[in-house]
């Protein structure tokens, strides 16, 4: 009985010693065995390990990939447009012994604070060397790679491996938003004014070209009408000359009849002439210069044949008077020069 009572405490102490000398490191962590604050063992693989009971201390560190969100960082790019950047990093403890030596008893909390300082310094350094447009463009992937590479070198003495650094959001400082919006509005208004000015300039060029084309067309049409009018006057003079040469008496009779018609046109025509005026030669009863109408008709036919006047079929493509510029003015001049062509003349009169 006494022996049993003696063995039980010994067994309890032995069991306690065994349990205090054993420790387990799982796949999610790494362990350090410290003896009086000095590292004596590094356990980086999962398993069951031994230590000196009551003397050695086991410190465990997370071996998973950790995340660290940075507070908003205010930066000043090359174009002096202040920006606020949010970033985060992914890292892991690569060397637990160096990590312990660098951070001491502070552990992961102390390491996180030092990593924040490294990341913030790298963000300011890299983004301060480029413009705000580069930060907001697709080139930001290269900028994040540069930040990551710089952070890897700075964090290596801490035993930390920086896996990735990302920029989450890039904004303007709240104090600069209103001024930035006003500047953007002014730039857009200036661009709109430039576009309107260019449009007005193009419109003026178009109008000037159209006016020049109109002047050229009118000038060309006027020139053609003058040529046609001159040819018509020449043909008319030839007809009159030929008619006069074929039968002067008939030609004089015809001109007198035309003069009578023009002078006596209207209901209130008044003429003050002497009764024996030559104007009334063909109105007097006894006319010593009576005209043989048949002979006059034959003479007119000879004139037409001699002049070889063109057939109407040969005039295709030649513009009519109505199709010519200033048609009304041209028609009036033709009627004044050749009254027998006027539409209101009665051929039987």
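Numbering (full-length UniProt numbering), first residue to last: 1 to 349. C-beta atoms are modelled at their ideal positions from N, C-alpha and C, and glycine is treated no differently.
Between the stretch 73 to 84 and the stretch 97 to 104, the count of C-beta pairs closer than 8 Å stays below three; the two stretches do not touch.
Under the three-state reduction of DSSP, residue 181 is assigned to helix.
Beta-bridge annotation (DSSP): residue 51 is not paired with any residue. When C-alpha distances from residue 132 are compared across 157, 162, 164, 172, the shortest belongs to 172. By the CB criterion at 8 Å, residue 58 and residue 36 fall outside the cutoff. Judged by DSSP secondary structure, residue 134 falls within the alpha helix (DSSP H) whose first and last residues are 132 to 136.
Per DSSP, the unbroken beta strand (DSSP E) holding residue 56 starts and ends at 56 to 62. Closest in C-alpha terms to residue 70, from the list 169, 27, 154, comes 169.
Between the stretch 102 to 112 and the stretch 123 to 139 there are fewer than three inter-stretch CB-CB distances shorter than 8 Å, so the stretches are not counted as touching.
With 16 or more neighbouring CB atoms inside 10 Å of its own CB, residue 63 falls in the buried class. For residue 99, no pairing in a beta bridge is given by DSSP. Judged by pairs of C-beta atoms under 8 Å, the stretch 86 to 94 touches the stretch 152 to 163, as three or more such pairs exist. The three-state secondary structure of residue 114, taken from DSSP, is helix.
Counting only residues of its own chain and dropping the five nearest sequence neighbours on each side, residue 49 has a CB closer than 6 Å to the CB of 23, 43. Linking residue 56 to residue 46 through their CA atoms gives a straight-line distance of about 19 Å. Relative to the Cα of residue 51, the nearest Cα in the group 248, 34, 253 belongs to 34. Within the same chain, and ignoring the five residues on either side of residue 118 in sequence, the residues whose Cβ sits closer than 7 Å to its Cβ are 151, 154, 155. Of the other Cβ atoms in all chains shown, 16 or more fall within 10 Å of the Cβ of residue 122; this residue is therefore buried. Assignment of residue 170 by DSSP, reduced to helix, strand and coil, places it in the strand class. By the CB criterion at 8 Å, residue 84 and residue 127 fall outside the cutoff.
Sequence-distant partners of residue 67 (beyond 5 residues in either direction) whose C-beta falls short of 7 Å from its own C-beta, in its chain, are 88, 90.
Judged by their CB atoms, residue 163 and residue 8 are not nearer to each other than the 8 Å cut-off. Counting the other Cβ atoms within 10 Å of the Cβ of residue 75 gives 16 or more, which makes it buried.
Among the bridge pairs identified by DSSP, residue 85 is matched with 73, 170. Counting along the chain, residue 150 sits inside the alpha helix (DSSP H) bounded by residues 140 to 155. Taken through DSSP and simplified to helix, strand or coil, residue 239 comes out as helix.
Cα atoms of residue 234 and residue 195: separation of roughly 58 Å, rounded to the nearest angstrom. Check the Cα spacing between residue 120 and each of 167, 216, 256, 31: the tightest is with 167.
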